[in-house]
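Below is one structure, written out as structure tokens; the observations come after it.
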Amino acid sequence: MGKQLLSGNEAIAEGAWSAGAGVGTGYPGTPSTETLENLVQHGDVYCEWSPNEKVALEVGIGSAMGGVRTLVTMKHVGLNVAADPFMSVTNTGVNAGLVLLVADDPSMYSSQNEQDTRNYAAFARVPCLDPSDSQEAYDFTRKAFDISERFDAPVILHETMRIAHTRTMVECAHERDLEAAAPRDYQSQPSKYVMMPAYAVARTRVTNEREDALVEFAETSDLNRVEMRDTKVGIIVAGALYNHVREALPEASTLKLGLTWPLPPKLLASFAASVEKVYVVEESCRYFRDHVAALGVKLSEPPAAPLPRSGEIFPADIQRSFGVATPAHLEAAKDLPPRPPAFCAGCPHRLVFNELRRMKAIVTGDIGCYTLGAVAPFRAVDSVIDMGASLSMSHGMELAGIPERTKRPVIGVIGDSTFAHSGITSLLGTAYNGGKGTLLILDNRTTAMTGTQGNPVNGLTLSEQGARISPLVDADEKPSVLDRPAGRPLDLPALCRAIGVDEVIEADAQDLKAVRAALKEAVSHEDLLSVVIFRSPCRLVDRTHKPAPVIRDCRRCGTCIQIGCPALGKDETNYAIIDPTQCVGCGQCEQVCPFGCIKSE
Amino acid sequence: MPHATASAASSTVHMGERVHLDHTMTVLLVGVGGQGTILAGNILAMTASEAGLDVKVSEIHGMSQRGGSVSTIIRMGEHVDSMVCDPGTGDVLVAFEAIEALRNQQFLKEDGRLFVNDETITPVPVNIGNAQMPRGVGARLDEIGAVRIDAGEIARGVGSPRSTNVVLVGALSTALPFAVDEWRDAISRRVPPKTVEANLAAFDAGRKAAER
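Chains as they are written, first to last, in this note's numbering: chain A, 1 to 601; chain B, 1 to 212.
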């Protein structure tokens with residue numbers, strides 16, 4: 001079979017399958033998500049979504065320790081959540097290969113920061129592989145499992161959005177390594193796997209020796225490649241940027257690092273000696289600059305201008321830094337209206353944020369589509385820090401006396417998947433310490449932002465999701481998939497009560513009066529800890545449409561327009577109009593019109 | 001803007017014939033989330049790889065898909081290095097929406113081709129009064145040499161209102177050196193089986209509109 005066009009994530013899934021991986025775990029996060037969604041399509045690999053990345057890695061450590069090759073996937077900030085097991089599994093090592101795919105997002109297309117995962121690799125002394133295209137993503141995945149077993153170490157497979165979401169030509173073996181897929185024997189080895197002080201001290205020495213062996217390996221590994229061209233300029237580069245350097249400076253010699261931890265001191269020195277000047281090209285951090293310089297290699301600054309310190313770097317950035325002319329082009333238009341992402345037509349989050357704005361609430365927000373409640377027209381979110389922070393931060397605001405000092409209600413807002421990820425412990429902290437206040441769980445029956453994945457609240461497993469079962473199908477009526485266990489949905493109200501929440505209110509997020517009443521009741525009980533669960537499925541999951549309503553005798557007050565529905569607009573005379581191609585007939589505008597001018601027929 | 005690379009090439013290449021390019025070609029497909037740019041990109045990528053070219057296709061997923069501006073970059077040639085497009089390097093820009101054409105005009109080469117779906121979708125910030133629509137969009141597009149195509153109307157005209165994106169693929173096909181049959185083959189394999197005939201009609205109508 002010839003070459004095929006695969007994204008980096010598709011190629012990694014193929015590579016993991018072919019390397020004999022038997023288990024895949026992860027938590028969805030752009031740009032890593034599609035990897036497990038592709039891997040689960042291979043019936044001979046068991047894959048599951050975990051509630052969060054820490055759980056995913058711990059399950060993965062267990063299955064690798066149990067002798068089965070395992071792939072664990074997450075986005076860069078997911079490794080923060082999984083950092084606790086990560087920093088210890090480096091010392092225990094593995095039994096069968098354990099590979100962590102960690103996907104970075106330079107320029108933050110869909111993230112809250114642009115931390116570089118290679119810093120974690122260096123921190124934990126875990127080998128880190130950096131593919132430059134989908135072919136390497138495929139090949140390096142297979143090599144990563146071998147390296148993991150050869151050096152008894154977890155291995156990071158590091159990619160950026162440009163690798164994850166660029167499709168390039170790949171030649172796959174289309175063959176599974178059945179020997180590698182066979183489970184290894186398991187024997188109890190407390191001195192290896194029990195990280196109590198005495199054992200951990202000894203295991204850290206093993207890690208020291210492993211580091212030395214890995215440095216030797218890095219010096220000669222074919223993962224690193226010197227390409228000598230013109231000797232005036234030598235560039236040390238990895239990942240997607242290798243392609244940009246080749247595009248921008250085709251004459252430059254390159255040291256392309258496929259293994260970005262550990263770095264090869266001798267190879268770096270000999271490359272530096274073979275060119276007049278040596279530079280690093282990297283984006284969003286100074287990983288190479290700091291680590292290469294620490295090995296005694298004298299790096300030069302780009303002659304014309306420094307490279308940008310944050311954000312993705314493009315070939316034109318490299319050309320500007322090296323004084324290469326860039327092509328003439330039209331000026332970018334500066335008078336265009338922005339087109340930011342917005343709640344979809346019919347989105348069940350819209351009415352809730354409409355009411356939060358009306359109440360002038362101080363909202364501690366969270367990570368998901370509902371982060372968009374922070375922008376116009378709602379501007380109703382005061383903070384978004386990380387998964388789960390909404391519920392714990394509202395407690396912190398309470399401790400700071402904000403409700404009394406501002407006379408405004410403080411409300412934490414979190415989605416269903418994010419609640420399962422990290423919100424449960426946040427809520428527990430508030431309840432345990434006798435905290436009061438109002439918390440909202442927006443249950444839209446899916447992990448929406450990353451593309452409608454299953455999660456513990458909707459109870460749809462990754463296997464069920466892979467078989468295209470809707471999260472709206474009743475748990476008892478789901479067909480079984482490959483004889484794997486059916487997913488179990490979480491009983492949110494029961495959980496909240498068990499945690500010790502005083503008042504649990506449930507309301508339909510599409511019913512404006514119910515939304516208003518629920519919020520009013522919850523904030524009126526200042527001496528109670530209240531949770532309001534707003535329910536209504538994401539419109540990407542529930543695709544049912546009703547006919548668009550009709551607007552008659554519009555008073556031009558603009559109230560409906562201010563709910564920010566993409567299907568609602570104004571004509572030249574400021575009358576409200578509905579775009580029937582975008583409208584899903586949800587009835588939100590009908591409910592907010594103060595004059596009853598919008599009616600479904 | 002002159003149209004230097006003419007449409008003649010596509011009529012001289014036949015199905016199954018290997019296509020050679022003397023430089024890496026860059027095509028940008030831009031629009032609004034949900035307009036079908038990704039399917040259009042898939043059709044082009046398949047056509048180019050069937051013609052024996054190296055191909056890279058880069059897309060942005062995630063938050064921008066919620067009604068925001070989206071773009072797909074397709075680069076193809078004997079050997080493709082970078083997968084992104086810098087200002088002044090795009091050979092062809094296909095805008096599925098008129099404002100998005102202006103938003104991306106800087107990416108075109110001086111002799112690049114620009115095909116625009118002659119339709120505007122009002123961004124939410126305009127609806128809520130935080131921004132204004134630009135004036136004279138059509139005139140500005142004409143000034144930069146755009147081929148304006150009423151793709152929605154054309155799609156409705158061939159009885160396939162959902163095939164606006166494939167109409168634009170038809171227009172794009174006139175600027176690239178691939179055999180018409182390769183395009184049609186890729187479309188047949190990429191769209192749902194029941195819609196093949198309708199989409200092929202949309203493709204043909206888009207070609208015709210661009211060649212007019």
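Heads up, the beta-carbon is just placed ideally off N, CA and C, and yes, glycines get one too.
Compare the Cα-Cα distances from residue i to each of the options and report the closest residue.
i	options	result
proline 262 of chain A	A:Pro409, A:Leu351, A:Leu295	A:Leu295
asparagine 243 of chain A	B:Leu141, B:Ala98, B:Val80, B:Val147	B:Val80
proline 106 of chain A	A:Pro549, A:Glu312, A:Asn458, A:Arg320	A:Glu312
proline 338 of chain A	B:Val126, B:Gly90, B:Asp86	B:Val126
glycine 22 of chain A	A:Val280, A:Leu71, A:Leu268, A:Thr33	A:Leu71
aspartate 86 of chain B	A:Ser270, A:His329, A:Met87	A:His329
alanine 164 of chain A	B:Val57, B:Val30, B:Pro161	B:Val57
phenylalanine 217 of chain A	A:Lys143, A:Glu521, A:Thr160	A:Lys143
aspartate 84 of chain A	A:Lys54, A:Ser63, A:Val410	A:Lys54
proline 127 of chain A	A:Ala376, A:Tyr109, A:Glu149	A:Glu149
alanine 518 of chain A	A:Val531, A:Glu526, A:Asp527	A:Val531
alanine 180 of chain A	A:Thr371, A:Arg162, A:Trp17, A:Asn113	A:Trp17
aspartate 146 of chain A	A:Asn113, A:Val68, A:Ala82, A:Glu114	A:Val68
glutamine 35 of chain B	B:Gly68, B:His20, B:Arg18, B:Asp22	B:Gly68
lysine 520 of chain A	A:Arg408, A:Asp542, A:Pro377, A:Gln112	A:Arg408
Measure the CB-CB distance between residue i and residue j and report whether it falls below 7 angstroms.
i	j	result
alanine 509 of chain A	valine 352 of chain A	yes
glycine 170 of chain B	glycine 206 of chain B	yes
leucine 36 of chain A	glycine 60 of chain A	no
proline 134 of chain B	aspartate 335 of chain A	yes
serine 392 of chain A	serine 426 of chain A	yes
proline 360 of chain A	methionine 169 of chain A	Checking the sequence, you will find lysine at residue 360 of chain A rather than proline. Not a contact, by the Cβ cut-off of 7 angstroms.
threonine 254 of chain A	glutamate 282 of chain A	no
alanine 567 of chain A	aspartate 553 of chain A	no
alanine 252 of chain A	valine 233 of chain A	yes
threonine 120 of chain B	isoleucine 99 of chain B	yes
threonine 25 of chain A	alanine 64 of chain A	no
serine 394 of chain A	glycine 412 of chain A	yes
serine 422 of chain A	glycine 459 of chain A	no
proline 348 of chain A	serine 536 of chain A	yes
alanine 333 of chain A	arginine 320 of chain A	no
Using the Cα positions of residue i and residue j, report the straight-line distance between them to the nearest angstrom.
i	j	result
lysine 599 of chain A	asparagine 354 of chain A	20 angstroms
histidine 545 of chain A	alanine 345 of chain A	11 angstroms
valine 278 of chain A	glycine 451 of chain A	42 angstroms
isoleucine 424 of chain A	aspartate 491 of chain A	13 angstroms
glycine 20 of chain A	arginine 176 of chain A	6 angstroms
aspartate 222 of chain A	phenylalanine 140 of chain A	11 angstroms
proline 131 of chain A	alanine 137 of chain A	5 angstroms
valine 166 of chain B	alanine 202 of chain B	6 angstroms
serine 270 of chain A	alanine 103 of chain A	31 angstroms
lysine 197 of chain B	threonine 260 of chain A	Looking at the sequence itself, residue 197 of chain B is glutamate, so the reference to lysine does not match. Cα to Cα, the separation comes out at about 50 angstroms.
arginine 66 of chain B	arginine 405 of chain A	37 angstroms
proline 52 of chain A	isoleucine 505 of chain A	Reading off the sequence, residue 52 of chain A comes out as asparagine, not proline. Those two C-alpha atoms are separated by around 26 angstroms.
threonine 231 of chain A	alanine 374 of chain A	51 angstroms
valine 77 of chain A	aspartate 366 of chain A	14 angstroms
lysine 208 of chain B	aspartate 181 of chain B	15 angstroms
leucine 507 of chain A	cysteine 538 of chain A	Rather than leucine, the amino acid found at residue 507 of chain A in this sequence is alanine. Rounded to the nearest angstrom, the two C-alpha atoms are 15 angstroms apart.
lysine 256 of chain A	valine 245 of chain A	10 angstroms
aspartate 133 of chain A	threonine 47 of chain B	20 angstroms
isoleucine 199 of chain B	threonine 364 of chain A	For the sequence presented, residue 199 of chain B should be read as asparagine rather than isoleucine. When rounded, the distance between both Cα atoms is 47 angstroms.
tryptophan 183 of chain B	alanine 96 of chain A	46 angstroms
histidine 42 of chain A	phenylalanine 419 of chain A	30 angstroms
threonine 90 of chain A	asparagine 80 of chain A	15 angstroms
Assuming residue i contacts residue j under a Cβ cut-off of 8 angstroms, what Cβ separation, rounded to an integer in Å, is found between them?
i	j	result
lysine 75 of chain A	serine 7 of chain A	The Cβ separation is near 15 angstroms, so there is no contact.
glutamate 78 of chain B	aspartate 54 of chain B	6 angstroms
isoleucine 402 of chain A	isoleucine 362 of chain A	6 angstroms
leucine 249 of chain A	valine 324 of chain A	7 angstroms
proline 327 of chain A	lysine 109 of chain B	7 angstroms
threonine 438 of chain A	valine 541 of chain A	About 27 angstroms; that fails the 8 angstroms criterion.
Would you say the beta carbon of residue i comes nearer than 6 angstroms to a heavy atom of the ligand ATP?
i	result
valine 89 of chain A	In the structure on display, the ligand ATP does not appear, and there are no ligands present to speak of.
Going along chain E, which residues have a C-beta under 7 angstroms from residue i?
i	result
arginine 103 of chain B	Annotation note: the requested chain E is absent from the structure, which comprises protein chains A and B.
- Task: Indicate whether the contact test is met: 3 or more Cβ pairs, each with one atom in the stretch 236 to 253 of chain A and one in the stretch 272 to 291 of chain A, closer than 8 angstroms.
- Result: Contact annotation: the stretch 236 to 253 of chain A touches the stretch 272 to 291 of chain A, with at least three C-beta pairs closer than 8 angstroms.
- Query: Is the stretch 551 to 562 of chain A touching the stretch 586 to 593 of chain A in the sense that three or more CB pairs, one from each, lie closer than 8 angstroms?
  - Reply: Three or more Cβ pairs drawn from the stretch 586 to 593 of chain A and the stretch 551 to 562 of chain A lie within less than 8 angstroms of each other, which places the two stretches in contact.
- Item | contact_flag[the stretch 112 to 132 of chain B, the stretch 89 to 102 of chain B] where n(CB pairs < 8 angstroms) is 3 or more | Result yes; three or more Cβ-Cβ pairs closer than 8 angstroms.
- Per the contact definition of three or more C-beta pairs closer than 8 angstroms, is the stretch 99 to 108 of chain B in contact with the stretch 132 to 148 of chain B? Short answer: they touch.
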